[in-house]
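The next block holds one structure in the form of structure tokens; read it before the comments.
2 protein chains.
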Amino acid sequence: MLSQVAFKEPQVHFRPHQFLAREDEEPAVIFQIDEGWACRYRLLSDGRRQITALYLPGDYCDPQWALGGKPSQPIVALTNVRASYFPCSPPAASGTGGPSAFWLSLSDMIERQTNWMVTLGRKTALERVAHLLLDLFERLRRSGLAYGQQCAMPLTQTEIADMTGLTPVHVNRTLQLLRARGLVELQAKWLRIPDLRALRQAAAVRNQGATA
Amino acid sequence: MLSQVAFKEPQVHFRPHQFLAREDEEPAVIFQIDEGWACRYRLLSDGRRQITALYLPGDYCDPQWALGGKPSQPIVALTNVRASYFPCSPPAASGTGGPSAFWLSLSDMIERQTNWMVTLGRKTALERVAHLLLDLFERLRRSGLAYGQQCAMPLTQTEIADMTGLTPVHVNRTLQLLRARGLVELQAKWLRIPDLRALRQAAAVRNQGATA
DNA sequence: CGGACTATTGAAGACGTTCAAGGTATGTGG
DNA sequence: CCACATACCTTGAACGTCTTCAATAGTCCG
């Protein structure tokens with residue numbers, strides 16, 4: 001599939017549920033998502049699923065592959081995805097002054113992963129869902145994909161459950177609680193956050209610098 | 213690699229509860245643990261604590277610092293710790309054939325972190341504690357610090373609770389369950405695993421290659 | 001020997017799960 | 001345009017795992 005080399009940036013498309021990478025398969029390339037959402041996950045033998053990373057436009061997928069080793073978890077498209085790709089060797093190796101954007105993005109991902117360990121280990125359902133919605137909004141905003149206080153939110157409640165370590169039923173009830181408290185407006189795959197500060201507090205996350 | 217530097221390496225010692233690094237403080241050096249255990253954690257405003265990484269002998273602390281950015285979580289010694297240290301720039305940048313041991317260790321750490329997200333999000337108390345003990349044993353064994361089926365286990369039940377996202381009380385009960393089922397023997401800070409395969413199954417982890 | 005931390009036990013309660021059913025939206029082919 | 005299928009969302013009730021609170025016993029170390 002990837003063998004077709006184009007003149008410009010090589011690009012590739014995926015439909016929902018299509019795999020960008022499979023478990024234990026040597027990755028041929030690293031993707032950069034141009035449009036759409038994807039996720040990495042692990043399935044336990046009895047069907048329990050945990051999503052361990054979400055890839056949004058601009059994200060590398062997966063930066064870790066540049067360090068060597070096969071992907072231990074599959075990556076699948078959640079929506080239609082358009083992506084560029086390039087060889088697995090780190091783009092423009094470090095050493096040239098500051099760390100490149102690529103390595104910074106790896107650092108970001110590790111940081112985000114660490115924050116999620118805290119959320120999964122110690123937070124209530126409300127805090128978990130709040131953290132997720134907040135995370136999505138702020139990442140999309142940094143990429144210029146937020147419009148005022150709004151952004152896209154294509155995840156189903158089952159997918160939210162698999163990110164937050166809850167059941168879909170309880171995610172449903174938790175979203176109702178968040179709506180009832182006026183912390184989020186969420187409908188038709190579109191998210192609006194009336195009061196970012198309030199949601200941050202509800203998510204029990206450290207106050208990031210940017211408040212604008 | 214780093215442990216084989218001929219001339220005297222600079223070394224430091226830490227006592228239990230002493231900080232190796234504080235939050236938001238520019239790290240001056242990267243440590244390599246020579247002896248003892250340390251951990252990274254985050255504290256929520258109401259006192260909930262989640263440990264997000266455990267550093268055992270041989271581990272770098274923290275490899276992520278080579279990518280730039282300040283540590284967002286403190287690192288504290290759990291036991292007496294002896295450590296070497298060196299500047300934060302990545303030791304012997306990559307490009308010389310395969311990735312260096314340093315980068316592989318970063319890759320290991322990311323992998324371990326991802327596995328912990330699955331455990332914290334989707335596993336029962338028994339599976340969590342089993343996973344932790346298994347993880348410790350296998351890491352120590354790889355460093356030659358296991359003796360047959362046994363290894364040191366200096367963590368208190370409260371520390372186990374802060375790793376597994378449980379309460380100390382429930383950790384206590386879960387350990388009793390593990391003992392009653394003959395999956396672990398644990399006393400006087402010493403761990404024995406009678407049947408590694410059985411414990412792996414109880415932990416619901418993917419079967420690693422090495423079974424010996 | 002005293003004090004602080006660690007481990008253990010019991011009882012009550014909360015948060016989230018499970019099971020089951022019904023309702024709503026979306027897309028497809030006739 | 002409708003009938004139908006599939007996925008997604010919503011609601012209720014019962015249950016279970018883990019938490020919380022509280023008290024006692026054990027261990028370490030000056």
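If you read the protein sequences in the order shown, they are chains Z and R. Number 59 in the working numbering belongs to position 59 of the first sequence; there are no gaps in the numbering. Position in the second sequence (first residue = 1) + 212 = the working numbering. Glycine residues also receive a C-beta, built at the ideal position from the N, C-alpha and C atoms.
Out of R:Pro269, R:Tyr253, R:Arg227 and R:Val224, state which residue places its alpha-carbon closest to the alpha-carbon of Ile245 of chain R.
Position 33 of the second sequence holds residue 245 of chain R. Ranking the options by Cα distance to Ile245 of chain R, first place goes to R:Pro269.
For Trp103 of chain Z and chain R, any beta-carbon pair shorter than 8 Å?
Within the first sequence, numbered from 1, the residue matching residue 103 of chain Z stands at position 103. With 8 Å as the cut-off, Trp103 of chain Z counts as an interface residue toward chain R.
Inspect the beta-carbon positions of Pro283 of chain R and Pro239 of chain R and report whether they are closer than 8 Å.
Mapped onto the second sequence, residue 283 of chain R falls at position 71. Mapped onto the second sequence, residue 239 of chain R falls at position 27. Cβ atoms of Pro283 of chain R and Pro239 of chain R: closer than 8 Å.
Asp246 of chain R - DSSP class collapsed to helix/strand/coil:
Taking the first residue of the second sequence as 1, we reach residue 246 of chain R at position 34. Three-state DSSP puts Asp246 of chain R in a strand.
Output yes if chain R places a C-beta closer than 8 Å to the C-beta of Leu106 of chain Z; else output no.
Start at 1 with the first residue of the first sequence, and residue 106 of chain Z comes out as number 106. Judged by the 8 Å Cβ criterion, Leu106 of chain Z is in contact with chain R.
What residues in its chain sit with their C-beta under 8 Å from that of Arg192 of chain Z, if we drop five residues either side in the sequence?
For the purposes of this step, residue 192 of chain Z is identified with residue 192 of the first sequence, where counting begins at 1. Correct list, in chain order: Gln149, Gln150, Val184, Glu185 and Leu186.
Taking the alpha carbon of Ile287 of chain R as the point to measure from, which residue in R:Tyr272, R:Tyr253, R:Gly281 and R:Ser317 has its own alpha carbon closest?
Residue 287 of chain R sits at position 75 when you count from the first residue of the second sequence. Of R:Tyr272, R:Tyr253, R:Gly281 and R:Ser317, the residue nearest in Cα terms is R:Tyr253.
Could you pull the DSSP bridge partners for Glu127 of chain Z from this structure?
For the purposes of this step, residue 127 of chain Z is taken as the residue at position 127 of the first sequence. Partner(s): none; Glu127 of chain Z has no beta bridge.
So the candidates are Z:Ile51, Z:Leu78, Z:Ala21 and Z:Arg49; which of them puts its Cα closest to the Cα of Glu35 of chain Z?
Counting from 1 along the first sequence, the entry for residue 35 of chain Z is found at position 35. Distance check between Glu35 of chain Z and each of Z:Ile51, Z:Leu78, Z:Ala21 and Z:Arg49 places Z:Leu78 closest, using alpha-carbon atoms only.
Here's a check: name, in chain order, each residue in its chain whose Cβ is nearer than 6 Å to the Cβ of Val383 of chain R, leaving out the five neighbours to either side.
Numbered from 1 along the second sequence, position 171 holds the residue referred to as residue 383 of chain R. The residues are Gln369, Ile372 and Ala373.
To the nearest angstrom, how far is the alpha carbon of Arg142 of chain Z from that of Leu155 of chain Z?
As a first step, residue 142 of chain Z is located in the first sequence; it is residue number 142 there, counting from the start. As a first step, residue 155 of chain Z is located in the first sequence; it is residue number 155 there, counting from the start. Using only the alpha carbons, I get a separation of about 19 Å.
Between Z:Leu54, Z:Val12, Z:Pro194 and Z:Leu120, which lies nearest to Leu178 of chain Z when the distance is taken from Cα to Cα?
Looking up residue 178 of chain Z in the first sequence gives position 178. Checking every option, the nearest Cα to that of Leu178 of chain Z belongs to Z:Pro194.
Decide if Arg197 of chain Z is buried, meaning its Cβ has at least 16 other Cβ atoms within 10 Å, or exposed.
Position 197 of the first sequence, counted from the first residue, corresponds to residue 197 of chain Z. By the 16-neighbour rule on beta-carbons within 10 angstroms, Arg197 of chain Z is exposed.
Tell me which same chain residues have a C-beta within less than 8 Å of the C-beta of Leu126 of chain Z, skipping the five on either side of it?
Within the first sequence, numbered from 1, the residue matching residue 126 of chain Z stands at position 126. These residues qualify, in order along the chain: Thr174, Leu177, Leu178 and Ala202.
Alpha-carbon to alpha-carbon, Tyr359 of chain R and Gln11 of chain Z
Residue 11 of chain Z sits at position 11 when you count from the first residue of the first sequence. Residue 359 of chain R sits at position 147 when you count from the first residue of the second sequence. When rounded, the distance between both Cα atoms is 52 Å.
Sequence-distant residues of the same chain with beta carbon closer than 7 Å to Thr129 of chain Z, five excluded per side:
By one-based count along the first sequence, residue 129 of chain Z stands at place 129. Before going on, a small fix: residue 129 of chain Z reads as Val here, not Thr. Ile160, Thr164, Val171, Thr174, Leu175 and Leu178, listed in sequence order.
Alpha carbons only, please: which of R:Leu411, R:Lys401 and R:Pro380 is nearest the one belonging to Ala392 of chain R?
Within the second sequence, the letter at position 180 stands for residue 392 of chain R. Among R:Leu411, R:Lys401 and R:Pro380, the Cα nearest to that of Ala392 of chain R belongs to R:Leu411.
Would you verify that the beta carbon of Thr114 of chain Z is, or is not, closer than 8 Å to some beta carbon of chain R?
Walking along the first sequence from the start, residue 114 of chain Z turns up at place 114. It does: the Cβ of Thr114 of chain Z has a partner Cβ on chain R nearer than 8 Å.
So, does the CB of Arg260 of chain R fall closer than 8 Å to a CB anywhere in chain Z?
Mapped onto the second sequence, residue 260 of chain R falls at position 48. At least one chain Z Cβ lies under 8 Å of Arg260 of chain R.
Does Ala204 of chain Z have its Cβ less than 8 Å from a Cβ in chain R?
One-based indexing of the first sequence puts residue 204 of chain Z at position 204. Chain R contact via Cβ: present.
Can you tell me whether DSSP reads Arg206 of chain Z as helix, strand or coil?
As a position in the first sequence, residue 206 of chain Z is number 206, starting the count at 1. Coil, per DSSP.
Using 10 angstroms around the beta-carbon of Ala233 of chain R, count the other beta-carbons present and answer buried if the total reaches 16, otherwise exposed.
As a working note, residue 233 of chain R is residue 21 in the second sequence. Within a 10 Å sphere around the beta-carbon of Ala233 of chain R sit 16 or more other beta-carbons, which makes this residue buried.
Is there at least one Cβ from chain R nearer than 8 Å to Gly58 of chain Z's Cβ?
As a first step, residue 58 of chain Z must be located in the first sequence, where it is residue number 58. By this cut-off, Gly58 of chain Z is not an interface position.
DSSP three-state label for His17 of chain Z, please.
Counting from 1 along the first sequence, the entry for residue 17 of chain Z is found at position 17. In this structure, His17 of chain Z counts as coil in the three-state DSSP scheme.
Tell me the rounded alpha-carbon separation between Ala152 of chain Z and Tyr55 of chain Z.
Residue numbering aside, residue 152 of chain Z sits at position 152 when the first sequence is read from its first letter. Residue numbering aside, residue 55 of chain Z sits at position 55 when the first sequence is read from its first letter. Approximately 14 Å between the Cα atoms of the pair.
Go ahead and pull the three-state DSSP assignment for Leu43 of chain Z.
For the purposes of this step, residue 43 of chain Z is identified with residue 43 of the first sequence, where counting begins at 1. Looking at Leu43 of chain Z - three-state DSSP - the assignment turns out to be strand.
Within 8 Å (strictly less), CB to CB, does Thr211 of chain Z reach chain R?
Counting from one through the first sequence, the residue named residue 211 of chain Z turns up at place 211. With a pLDDT of only 42 at Thr211 of chain Z, under the threshold of 50, the placement of this residue in the model should not be trusted; the figure read from the coordinates follows. No, no contact with chain R.
With distances taken between CB atoms, is the gap from Ser107 of chain Z to Leu279 of chain R smaller than 8 Å?
Counting from 1 along the first sequence, the entry for residue 107 of chain Z is found at position 107. Counting from 1 along the second sequence, the entry for residue 279 of chain R is found at position 67. Yes, these two residues count as a Cβ contact at 8 Å.
Specify the secondary structure class of Gln149 of chain Z as computed by DSSP and reduced to three states.
On the first sequence, position 149 is the one that residue 149 of chain Z refers to. The answer is coil: DSSP assigns Gln149 of chain Z none of H, G, I, E or B.
By the 10 Å Cβ neighbour count, where 16 or more other Cβ atoms means buried, how is Trp402 of chain R classified, buried or exposed?
Position 190 of the second sequence, counted from the first residue, corresponds to residue 402 of chain R. Answer is exposed; the Cβ neighbour count stays below 16.
Determine whether the Cβ of Glu111 of chain Z lies closer than 8 Å to any Cβ atom of chain R.
On the first sequence, position 111 is the one that residue 111 of chain Z refers to. By this cut-off, Glu111 of chain Z is an interface position.
Taking 8 Å as the cut-off, decide whether the C-beta atoms of Met117 of chain Z and Trp249 of chain R are in contact.
Here residue 117 of chain Z is taken as the residue at index 117 of the first sequence, counted from 1. Here residue 249 of chain R is taken as the residue at index 37 of the second sequence, counted from 1. No, Cβ-Cβ distance for Met117 of chain Z and Trp249 of chain R is not below 8 Å.
Confirm, please, whether the CB-CB distance from Pro63 of chain Z to Ser105 of chain Z is below 8 Å.
Within the first sequence, numbered from 1, the residue matching residue 105 of chain Z stands at position 105. Within the first sequence, numbered from 1, the residue matching residue 63 of chain Z stands at position 63. It is a contact, given that the beta carbons lie within the stated cut-off.
I'd like the span of the beta strand (DSSP E) that includes Pro87 of chain Z, first residue to last.
Locating residue 87 of chain Z in the first sequence gives position 87, counting from the first residue. From DSSP, the beta strand (DSSP E) with Pro87 of chain Z extends over Val81 to Pro87.
Can you determine whether any heavy atom of the ligand GTP sits closer than 7 Å to the C-beta of Ser72 of chain Z, and answer yes or no?
Of ligands this structure carries none, so the ligand GTP is not represented either.
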